[in-house]
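Heads up: the sequence shown runs through residues 151 to 405, numbered per the numbering used here.
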Amino acid sequence: MGVLVVTGTGTEIGKTAVTAAVAALAVADGRSVAVLKPAQTGVAPGEPGDVDEVARLAGAVTTRELARFPEPLAPETAARRAGLPPVPPARIAAEAVDLARRHDLVLVEGAGGLLVRFDPRGGTLADAAALLREDGADVSVLVVAAAGLGTLNATALTSEALRARGLAPLGVVIGSWPDEPDLAARCNLADLPEAAGAPLLGALPAGCVRTPAEFVGVARQALAPALGGRWEPAAFLADQAAAPAATAAAASATS
151 MGVLVVTGTG TEIGKTAVTA AVAALAVADG RSVAVLKPAQ TGVAPGEPGD VDEVARLAGA
211 VTTRELARFP EPLAPETAAR RAGLPPVPPA RIAAEAVDLA RRHDLVLVEG AGGLLVRFDP
271 RGGTLADAAA LLREDGADVS VLVVAAAGLG TLNATALTSE ALRARGLAPL GVVIGSWPDE
331 PDLAARCNLA DLPEAAGAPL LGALPAGCVR TPAEFVGVAR QALAPALGGR WEPAAFLADQ
391 AAAPAATAAA ASATS
C-alpha cells in the first residue's frame, strides 16, 4: 500500500480521525508515513488544520498541506472567493508521488466527498487517484462512511463513482460509531459491504480522538488487519446485535 486516498461519503463524518488511525498504526509498526492534505478549508492562517491533528494523534509523520482557504466551502469555491490559486488533480498526484519516494505509506485526505470540485475544470479527488493509477503508483482508496440512515445510498454512489474511473474501493470504515446505535446503524453493518462492493474495515468509536497514547490502542481495536488493526467485522456485528437484547433484559430485571 504505497498511496492510500482517504475519501468520504460527505463532510464531517470522520475522515481526519480515520486518516490519523491508519497513520498511527503504521507508525507504531515502524513504517514511515506522510500525510497530504490537498486543500484545507474553513481554517484561518496560523490555526491548526487536519494534518496537524493527524500529527498530534499519530506522532512522527511528515505532513504537507498544499493550500488553505479561510471559508468552509468546497475547495474550488473557497479558492475562487479568496482570490487564490486552486489545487488541480495533477498537482495532488504529483505531490503524492513525490512523498511516496521517501515514505512507506502516503495518506491523501480529501475534502468533503469524492466528487467535490478542486479546480474550475471540475477536477476531483477521484481524478487525482485515477492519475496516480495511470502513473503506475500503488494506489488504493478508502471510503469513510457515516453509521446511520442514508449511508447506504451515499456509500453506493461513492463506490460507483470510483469504479466508473477504474478504481475499486479498498474498503469502508465507519468514521464515528455511536455509543448507542439505532436500528438503522446496526443493520448498516451488514448492508454496507454490499452497498460498497467492498469489505467493512472498521468502525471508530465516537469521541475516540483523545491523547496519542490512548488513540493508538483505540485504533488497533477499531480497524481491520488490512489497515494494521485487529478489528473483526463478524465479531463486531454479533456484539452490536446482542447489545439491545442485553439492555432490554437488564431493564426488565429492574422493573
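Positions of the beta carbon are idealized from the N, C-alpha and C atoms, including for glycine.
Owing to the predicted nature of the structure, the values given are computational and were not obtained by experimental measurement.
Query: Which value, in whole angstroms, describes the spacing of the CA atoms of residue 234 and residue 308?; Result: 28 Å
Query: Can you give me the C-alpha to C-alpha distance between residue 232 and residue 168, rounded to a whole angstrom?; Result: 29 Å
Query: Please report the straight-line C-alpha distance between residue 343 and residue 349, rounded to a whole angstrom.; Result: 5 Å
Query: Just to check my reading of the structure: residue 208 and residue 256 have Cβ atoms closer than 8 Å, yes? What is that Cβ distance to the nearest angstrom?; Result: That pair is no contact at about 13 Å.
Query: Where do the N-terminal and C-terminal ends of the alpha helix (DSSP H) with residue 431 fall, by residue?; Result: For residue 431 there is no data in the structure shown, the boundaries of the chain being 151 and 405.
Query: Just curious, the alpha helix (DSSP H) that residue 367 is in, first and last residue?; Result: 362 to 372
Query: With respect to the beta strand (DSSP E) encompassing residue 259, which residues constitute its N-terminal and C-terminal limits?; Result: 255 to 263
Query: Check residue 268 in the structure and name its three-state DSSP category.; Result: coil
Query: Give the straight-line distance between the Cα atoms of residue 345 and residue 288, rounded to the nearest whole angstrom.; Result: 25 Å
Query: Are the CB atoms of residue 243 and residue 282 nearer to each other than 8 Å?; Result: yes
Query: Are the CB atoms of residue 306 and residue 295 within a distance shorter than 8 Å?; Result: no
Query: In terms of residue numbering, what span does the alpha helix (DSSP H) encompassing residue 343 cover?; Result: 333 to 346
Query: Between the beta-carbon of residue 369 and the beta-carbon of residue 174, is there less than 8 Å?; Result: yes
Query: Roughly how many angstroms separate the alpha carbons of residue 340 and residue 301, rounded to a whole number?; Result: 12 Å
Query: Closest to residue 333 by C-alpha separation, out of 316, 192, 391, would be which residue?; Result: 391
Query: As a quick exercise: from 319, 297, 274, 250, pick the residue whose alpha carbon is nearest that of residue 465.; Result: In the structure as shown, the chain starts at 151 and stops at 405, and residue 465 therefore has no counterpart that could be examined.
Query: Pick helix, strand or coil for residue 223, following the three-state DSSP scheme.; Result: coil
Query: Would the beta-carbon of residue 264 fall within 8 Å of that of residue 157?; Result: yes
Query: Run the CB neighbour count on residue 222, radius 10 Å, all protein chains shown included, and call it buried at 16 or more, exposed below.; Result: exposed
Query: Along the chain, where does the alpha helix (DSSP H) that runs through residue 239 open and close?; Result: 239 to 250
Query: What is the DSSP secondary structure of residue 309, reduced to helix, strand or coil?; Result: helix
Query: Does DSSP put residue 159 in a helix, in a strand, or in coil?; Result: coil
Query: Provide the residue span of the beta strand (DSSP E) that contains residue 295, from first to last.; Result: 289 to 295
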